[in-house]
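Taking it in order: structure first as structure tokens, then the write-up.
There are 2 protein chains.
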Amino acid sequence: MRAEELKGHLDSLLLATLEGGPRHGYAIIDELRRASGGRLDLPTGTIYPALHRLEQARLIAGSWSVAAGRRRRIYQLTPAGARALAGKRADWREFAAVITAALEARPCPSPA
Amino acid sequence: MRAEELKGHLDSLLLATLEGGPRHGYAIIDELRRASGGRLDLPTGTIYPALHRLEQARLIAGSWSVAAGRRRRIYQLTPAGARALAGKRADWREFAAVITAALEARPCPSPA
DNA sequence: TGCTATACGTAGCGTTGCTACATATCGAAC
DNA sequence: GTTCGATATGTAGCAACGCTACGTATAGCA
Numbered sequence: 441m442r443a444e445e446l447k448g449h450l451d452s453l454l455l456a457t458l459e460g461g462p463r464h465g466y467a468i469i470d471e472l473r474r475a476s477g478g479r480l481d482l483p484t485g486t487i488y489p490a491l492h493r494l495e496q497a498r499l500i501a502g503s504w505s506v507a508a509g510r511r512r513r514i515y516q517l518t519p520a521g522a523r524a525l526a527g528k529r530a531d532w533r534e535f536a537a538v539i540t541a542a543l544e545a546r547p548c549p550s551p552a
Numbered sequence: 441m442r443a444e445e446l447k448g449h450l451d452s453l454l455l456a457t458l459e460g461g462p463r464h465g466y467a468i469i470d471e472l473r474r475a476s477g478g479r480l481d482l483p484t485g486t487i488y489p490a491l492h493r494l495e496q497a498r499l500i501a502g503s504w505s506v507a508a509g510r511r512r513r514i515y516q517l518t519p520a521g522a523r524a525l526a527g528k529r530a531d532w533r534e535f536a537a538v539i540t541a542a543l544e545a546r547p548c549p550s551p552a
């Protein structure tokens, strides 16, 4: 999976993962790997800045917790985040349809 | 259609459009608009640099022509471009499947 | 003591698509 | 005749994004 492809779609994945309940960053990586059959294995340097962005945008809310001596930042969807996710799902469906159509459809033969 | 979404997929669209025969930049914009039902309306500042990239990568070959007093740069797929397009189509199908799965699938409830 | 897994973080980089602008020709409108 | 829009190409500079590479820290096991 090339890196550039993911651009603009990562936020949707993170929000969708948090739809299943609050999670911390490391667990989100695990869940995305699981949900994709291992094809989505995102580095921490991708996840954490993205979570910070989403938190600043108030789409997710974070809080610290400590379990087994390890500090974790637990994130959960805000109402705004849930609305954003719905919009992003619709966006994705349209985007995927457009790209698929343009890729698969035989274009009109060029007049040249 | 948000801008970031397209990143990493534009090259595929351009190659696919040229699969229908040689075309110049302006005509590619028209064809993409037609093939997408108007939902893909790319600015020239997006198309031309992308075409230059693809030409430098030898995936397309350009040549000047003059019709009705207007100079045009006609591009056509190279054999390498056709191979690249096949790969990109496969990439897209996998990418779309992964994102769709991650977006639609209910994730495992978090243990938290 | 060292290694691995867990867990978070950031600085810097490279790629990419877009905005805004510049240039030029042609045909139609005024 | 000049203005305007469509046709046609081009570039400089910007902003956004995901990744690499690093750093920090704790827990558990060999």
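Chains V and L supply the protein sequences, listed in that same order.
Just so you know, we're using this note's numbering here: the first sequence kicks off at 441 and counts up by one.
Just so you know, we're using this note's numbering here: the second sequence kicks off at 441 and counts up by one.
Here a beta-carbon is modelled for each residue, glycine too, at the ideal position from N, C-alpha and C.
All values derive from a computational prediction rather than experimental measurement.
Can you confirm whether residue i, when its beta carbon is compared against all beta carbons of chain L, has any partner nearer than 8 Å?
i	result
arginine 442/V	yes
alanine 530/V	no
leucine 491/V	no
Cα separation between residue i and residue j?
i	j	result
alanine 530/V	arginine 493/L	31 Å
leucine 446/V	arginine 442/L	13 Å
alanine 541/L	tyrosine 488/L	34 Å
isoleucine 468/V	alanine 456/V	10 Å
arginine 533/V	serine 476/L	14 Å
valine 538/L	leucine 472/L	25 Å
alanine 501/V	alanine 501/L	50 Å
alanine 508/V	aspartate 470/V	19 Å
serine 452/L	aspartate 451/V	23 Å
Hey, quick one: how far does the beta strand (DSSP E) through residue i stretch, first residue to last?
i	result
serine 505/L	500-507
Do we get a CB-CB distance below 8 Å when we pair residue i with the residues of chain V?
i	result
isoleucine 539/L	yes
serine 476/L	yes
glycine 448/L	yes
In this structure, what does DSSP give as the bridge partners for residue i?
i	result
histidine 464/V	Ile514/V
Between which two residues does the alpha helix (DSSP H) holding residue i run?
i	result
histidine 492/V	484-496
serine 476/L	Element bounds for serine 476/L: n/a, residue is neither H nor E.
alanine 545/V	Element bounds for alanine 545/V: n/a, residue is neither H nor E.
glutamate 444/V	443-446
leucine 480/L	That residue, leucine 480/L, is in no alpha helix (DSSP H); it is neither H nor E in DSSP.
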